[in-house]
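For reference, the structure is listed below as structure tokens.
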Amino acid sequence: MEELTDADAFRFMQQATFGASSDDLDDLMQKGINTWLVEQLIEPTVDYTPRIQEQSASRNVNAQDIKTLFWERAVYGDDQLRQRIAYALSQIVVTSLADAAVGTYPAPFGVYADVLQRNALGNYCTMVREVSFNPIMGLYLTHLGNRREDPVNGFVPDENYAREVMQLFTIGLEELNLDGTPTGEETYTNEDIAGLAQVFTGLSWADTDFDRPRISDNNRFLPMESFRAQHEDRPKTFLGSTINLGDDAVVSINAALDVLLEHPNVAPFISKQLIQKLVTSNPSPEYVERVATAFNAGQTYLSDGTLIGSGQRCDLAATAAAILIDPEARGEPEDDDFGKLRSPLLRAAHLLRAYRVEKDVSTSGPLPSGRNLVNLEEENRLLQNVFTAPSVFNYYRPGFVAPGTESADRGLVTPEFQLATTSGLVAYINTMEFLIEEKGAAPDGNVMVAELDYSDLEALADQPAALVDRVDQVLVGGTLPDDTKALIAEAVDEIFINPSNEQVGRGLRTQVALLMAVVSPEYVVQR
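The numbering of the sequence shown is the numbering used here, which starts it at 2 and goes up by one.
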């Protein structure tokens, strides 16, 4: 078994999970990375859809329920690698409950979430096929109800999904080398978009009428169906290929997806984005190439010789393992370009997991209450939440360059800095202070998502330096500079502990130590 230092374990868990408690870190130290990864591949998961169907039998399901189910899995799920990859995929293959059309149908949104969750350690190409027929995606990118061309009335098929499935889900805007570097050639033209748009015609809700669909529990959770009369049945040409398979939309779309998913861009395009989501915003071309090679091969070997992956191209278990065991991910950062700003959501999730009261993800019964978490996307909160992106480009673009910054001068992309506005930074501090003070979620008679326990920290509250050291190890991986720790300890020591009511003073000291840690640069930036 490979030997891990405390710093090694902390860095790995930052990259592979939503955050680690001291017990999680100890568990990894005992098992090692290889065993941990192998165990994660077989960790069971709890689907969204059965929980939603159970609830919809007694009451209307809303968007807050969907977000609550995500947070339950992020905070309490043992299948952390799957959940972290599923979340990354939700930022690449985006749909959003903030969209008016999607928000009208929150219950079937769970099917989309399950597609991501099921394929997160499965197959990326399978996932793209499934989301292409998912009615939530059809609503969001408007190919649900898309009609064939009608020259008499001047109607042409909607091009939205055709454009985004190329630009964002598969091949991107530029031809790429295997290492992710661009060749300078565009991947597609407007004519390619128009040709592919004709392929994505004739789909609508299953088991109903195309023109006047009736939505019920009988069809809301099913893939979209092909309506032959509305599918463009003449030859459709794009990217140098022609689809001429008649009037069955399902057959034609799968053939078109064959063309897109077999494109050599897919491996470096998706691999680089997953590296950015998990490890570093500016991976080296060599890092991208190693991961893209694993993506294409559908397999990778761990350091002990264990083979990960099915051997089928697009295997995400192999891709995730290749990202996490790569020398650039596991070694000490060699320069200042390595690492990433952690998104506000990941910072909040880390706090919640680090001090969570242990629970299992619920499988039946009333949904837990997600109060304090379901509105994190609001302007006075984190400006970000799951499944609520303001556009198909997510909350931040993978190629975002922060204008007027040293990173921009050095040619670096800083995706998460797109959210780092002045008001956003203030809102982050206030939100984290609230979550810390409320211990995740104030009891209200319901089963709560994200209840926190600081009892171990409060026991150290009369020893400010020891308290700060403990917070530093769990939340910041022991990276807080000595002068920062001294400042926090000094602030903690200023808070009086009244002998007649020690718990209040101990609680306040703990909260101050936690808050000062989570607003530190060392917590905000992942190295």
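Yeah, the Cβ is synthetic: ideal placement off N, Cα and C, and Gly gets one too.
Assigned with DSSP and collapsed to three states, Asn-61 falls in coil, not helix or strand. Residue pairing by DSSP places Lys-32 in no beta bridge whatsoever. About 28 Å separates the Cβ atoms of Gln-274 and Ile-53, ruling out a contact at the 8 Å cut-off.
Excluding its 5 nearest sequence neighbours in each direction, Ala-490 has C-beta neighbours in its own chain below 6 Å: Pro-465, Ala-466, Val-469, listed in chain order.
Rounded to the nearest whole angstrom, the CA to CA distance from Arg-372 to Ser-57 is 20 Å.
In the assembly as shown, Ile-43 is an exposed residue. Its beta-carbon has fewer than 16 other beta-carbons within 10 Å.
Taking the Cα positions, Pro-367 is about 23 Å away from Thr-389. Under the three-state reduction of DSSP output, Thr-69 falls in the helix class. A Cβ-Cβ separation of about 6 Å places Pro-399 in contact with Gln-277 under the 8 Å criterion. Thr-511 and Leu-461 have their C-alpha atoms some 9 Å from each other.
In this structure, the CA atom of Gly-139 is about 49 Å from the CA atom of Gly-508. In this structure, the alpha-carbon of Leu-179 lies about 43 Å from that of Gly-441. Between the C-alpha atoms of Leu-117 and Leu-413 there is a straight-line separation of about 29 Å. From the listed residues Thr-320, Val-450, Tyr-455, Tyr-524, the smallest Cα separation to Gly-479 is found for Tyr-524. Rounded to the nearest angstrom, the Cβ distance from Phe-401 to Gln-419 is 5 Å, consistent with a contact under 8 Å. Judged by their CB atoms, Glu-176 and Thr-182 are not nearer to each other than the 8 Å cut-off. In the three-state DSSP reduction, Ile-244 falls in the strand class (E or B). Looking at the backbone, the Cα of Leu-516 and that of Glu-40 are separated by about 33 Å. With fewer than 16 other Cβ atoms inside 10 Å of its own Cβ, Ser-501 counts as exposed.
Short of 6 Å from the beta carbon of Ser-253, and not among the five residues preceding or following it, lie these beta carbons of its own chain, in chain order: Val-200, Ile-244, Leu-246. The beta carbon of Glu-165 is closer than 8 Å to those of Leu-142, Val-393 in its chain, skipping five residues each way along the sequence. By the criterion of at least three beta-carbon pairs nearer than 8 Å, the segment 347 to 359 is in contact with the segment 15 to 28. Between Met-433 and Leu-352, the C-beta gap is smaller than 8 Å, which places the two residues in contact. In the structure shown, Gln-92 adopts coil according to DSSP, grouped into three states. For Lys-486, the uninterrupted alpha helix (DSSP H) run begins and ends at 483 to 494, by DSSP.
Two segments are said to touch when three or more pairs of C-beta atoms, one from each, lie closer than 8 Å; by this definition the segment 307 to 319 touches the segment 123 to 138. Take the alpha-carbon of Arg-83 and the one of Asp-115: they are about 11 Å apart.
Excluding five sequence positions before and after Gly-155, none of the CB atoms of its chain fall closer than 6 Å to its own CB.
Closest by C-alpha distance to Leu-240, out of Asn-147, Ala-451, Asp-193, Val-62, is Asp-193.
If you look at Pro-183, you'll find it in the beta strand (DSSP E) that goes 183 to 187. In the DSSP annotation of this structure, the continuous segment of the alpha helix (DSSP H) that includes Phe-296 starts and ends at 286 to 298. Pairing Asp-66 with Pro-107 gives a Cβ-Cβ distance under 8 Å. When the Cα atoms are used, Gly-506 and Asp-494 turn out to be separated by approximately 10 Å. With a 10 Å radius around the Cβ and a threshold of 16 neighbouring Cβ atoms, Gly-405 comes out exposed. In this model, Leu-377 and Glu-73 are separated by some 15 Å (Cα to Cα).
Sequence-distant partners of Val-251 (beyond 5 residues in either direction) whose C-beta falls short of 7 Å from its own C-beta, in its chain, are Ser-227.
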